[in-house]
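A quick write-up on the structure given underneath.
Residue numbers (the working numbering): 1 to 136.
Below you can see the structure in the form of structure tokens.
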């Protein structure tokens, strides 16, 4: 059975109307860098945890994603994660360095090295992404 998409479930949601270039009674607000260092509640959750801890633990990722919405009432919620978490889940070690950002411990430079990620299955290897989306 095919699940209904968000557009069919919430056709008059202001943010979706804006995406479809339809008129809305106001301009919806969606702030790309919602979660982060400037929120005290984020800093409290972040204590003693790595960025990957937050990204890969649905309860934490959901909470961090919802914090700006609770505080500012944004029309859209950005899922807290990082674009590289699937790479990490595929078996390429990743860590974040203070002042530098994400660092991949291995890089794929040759076709033969694709075997490193050959067995990657998103549902099995990083289920936390779907769990976080469901929770939001």
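Cβ coordinates follow ideal geometry from the N, Cα and C atoms, glycine included.
A residue is called buried once 16 or more other Cβ atoms fall within 10 Å of its Cβ, and residue 43, having fewer, is exposed. The C-alpha of residue 49 is placed about 26 Å away from the C-alpha of residue 121.
Residue 71 places its beta carbon less than 9 Å from that of residue 39. Taking every protein chain shown into account, the CB of residue 25 has fewer than 16 other CB atoms within 10 angstroms, so this residue is exposed. According to the DSSP assignment, residue 19 belongs to the alpha helix (DSSP H) that extends over 14-19. By the 16-neighbour rule on beta-carbons within 10 angstroms, residue 112 is exposed. Taking the Cα positions, residue 80 is about 16 Å away from residue 89. Residue 94 and residue 18 have their C-alpha atoms roughly 36 Å apart.
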